[in-house]
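Accompanying notes for the structure given below.
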Ligand SMILES: Nc1ncnc2c1ncn2[C@@H]1O[C@H](COP(=O)(O)OP(=O)(O)OP(=O)(O)O)[C@@H](O)[C@H]1O
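Numbering (my numbering), first residue to last: 3 to 281.
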């Protein structure tokens, strides 16, 4: 089953075409890394998936159902910065993920549900290496710790699809490689479908089971807003070789979740294929 289907999706702001006829099918449990030049529409693509924006044409299906107009618990998101609430403690930031899921944005959990949420939050904080930090506020955490907290918060909602908008872009290289290991572990151990925007090609190839590139086919300055971007490449990544496996990932699980080909064939973007260019 496809987790996500983009069927002839366009996004325009007035006369400015940002995304032009995007056809894309993303299989459940794939880890899609989305790359492309700055300003080409990667965040717009994620915002469509999140339900924060609506396509101007075409439709988006999540697990076979048309995307709801509002963000919901099916889709979790982590941004490069500011995904966590500064006024809540570390523990509170994770619990609120469950409160959003169970009781809506203004809801609170009480009694047994609250206790269960607290237990789950502590377990998740341990999994992301933040045990012992529960009572701190985000301002007292490093950038890497804040992003780990943001991941825990998003996962607490038990989303089907996790959307990551350059989540590790602001981290320095050492921290980034640690968090890559964590990210892969989380993904191995869950049934998440992940769509991650990144500027970093090595990150895309390290984490992605599939790399999708956005490109503007026509780049003349006078045409920049008249035509949008299209998918220009769709590359299934090969399974990593044994020596390159990061610590913590097991070969068994890698075989299971790094199939040789997760979706499509190289160069074949969708069941619809490329659309003909507009004249
Ligand atoms: N709400 C909006 N109204 C009008 N134009 C918008 C809006 N949101 C995005 N755009 C335009 O859409 C284009 C794509 O923006 P987007 O942020 O999706 O690009 P991006 O690929 O994520 O860029 P970057 O890599 O620099 O973050 C830009 O030209 C931007 O100005």
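Heads up, the beta-carbon is just placed ideally off N, CA and C, and yes, glycines get one too.
Checklist entry - Any idea what DSSP makes of residue 162, helix, strand or coil? => result Note: residue 162 maps to coil in three-state DSSP.
Next on the checklist: Using DSSP's beta-bridge definition, name the partner residues of residue 61.
Outcome noted: Looking at the DSSP output, residue 61 sits in a beta bridge with 9.
Next on the checklist: Nearer than 8 Å: is that true of the beta carbon of residue 191 relative to any heavy atom of ligand 1?
Outcome noted: No heavy atom of ligand 1 is found nearer than 8 Å to the CB of residue 191.
Item to check | DSSP beta-bridge partners of residue 67 | outcome: Residue pairing from DSSP places residue 67 in a beta bridge opposite 64.
Item to check | Residue environment, residue 13, which counts as buried when at least 16 other CB atoms sit within 10 Å | outcome: With 16 or more other Cβ atoms within 10 Å, it is buried.
Checklist entry - What are the start and end residues of the alpha helix (DSSP H) that includes residue 125? => result From DSSP, the alpha helix (DSSP H) with residue 125 extends over 113 to 129.
Checklist entry - How close, in whole Å, do the beta carbons of residue 188 and residue 237 come, if the pair is a contact with beta carbons under 8 Å? => result Wrong, their Cβ atoms sit about 23 Å apart, outside the cutoff.
Checklist entry - Alpha carbon to alpha carbon, how far is residue 181 from residue 83? => result Each residue's Cα considered, the two are about 15 Å apart.
Next on the checklist: Going by beta-carbon coordinates alone, are residue 2 and residue 147 separated by less than 9 Å?
Outcome noted: Nothing can be reported for residue 2, as the shown portion of the chain is limited to 3 through 281.
Next on the checklist: Quick check: the Cα distance between residue 32 and residue 138, rounded to an integer number of angstroms?
Outcome noted: Those two C-alpha atoms are separated by around 34 Å.
Checklist entry - Would a C-beta distance cut-off of 9 Å place residue 28 and residue 212 closer than the cut-off? => result With contacts defined as CB atoms closer than 9 Å, residue 28 and residue 212 qualify as a contacting pair.
Next on the checklist: Looking only at its chain, what residues have a beta carbon closer than 6 Å to the beta carbon of residue 119, apart from the 5 residues adjacent to it on each side?
Outcome noted: For residue 119, where only same-chain residues beyond five positions count, the Cβ hits under 6 Å are 97, 100 and 111.
Next on the checklist: I need the residues with a C-beta less than 5 Å from some heavy atom of ligand 1; please give them in chain order.
Outcome noted: Going along the chain, the residues that qualify are 15, 20, 40, 41, 42, 43, 44, 45 and 46.
Checklist entry - To the nearest angstrom, how far is it from the Cα of residue 58 to the Cα of residue 19? => result Those two C-alpha atoms are separated by around 10 Å.
Item to check | C-alpha distance - residue 256 paired with residue 162, whole-angstrom precision | outcome: Reliability fails at residue 256, whose pLDDT of 28 lies under 50, so the model's placement of it is uncertain and no value is given.
Item to check | Contact check, residue 130 vs residue 165, beta carbons under 9 Å | outcome: No, they are not a contact pair.
Checklist entry - The beta strand (DSSP E) with residue 198 in it runs from where to where? => result Judged by DSSP secondary structure, residue 198 falls within the beta strand (DSSP E) whose first and last residues are 195 to 199.
Checklist entry - Cα-Cα, which of 61, 54 and 34 is closest to residue 22? => result Ranking 61, 54 and 34 by CA distance to the CA of residue 22 puts 61 first.
Checklist entry - In this structure, does DSSP put residue 238 in helix, strand or coil? => result Note: residue 238 maps to strand in three-state DSSP.
Checklist entry - So what does DSSP say about residue 254, is it helix, strand or coil? => result Note on residue 254: pLDDT 29, under 50, position unreliable in the model; the coordinate value appears next. DSSP places residue 254 in helix when its eight states are reduced to three.
Next on the checklist: Suppose you measure from the CA of residue 56 to the CA of residue 72; what does that come to, to the nearest Å?
Outcome noted: Taking C-alpha positions only, residue 56 is separated from residue 72 by approximately 10 Å.
Checklist entry - When DSSP labels each residue in this structure, what does residue 173 get in the three-state scheme? => result In this structure, residue 173 counts as coil in the three-state DSSP scheme.
Checklist entry - Among the residues of its own chain, which have a CB less than 8 Å from the CB of residue 207, if the five just before and after it don't count? => result In the same chain as residue 207, and ignoring 5 residues on each side of it, the C-beta atoms closer than 8 Å to its own belong to 35, 213 and 239, in chain order.
Checklist entry - For residue 96, does the three-state DSSP call read helix, strand or coil? => result Looking at residue 96 - three-state DSSP - the assignment turns out to be helix.
Next on the checklist: Which of the three DSSP states is assigned to residue 143 in this structure?
Outcome noted: Look at residue 143 here: in three-state DSSP terms it is coil, with no helix or strand label.
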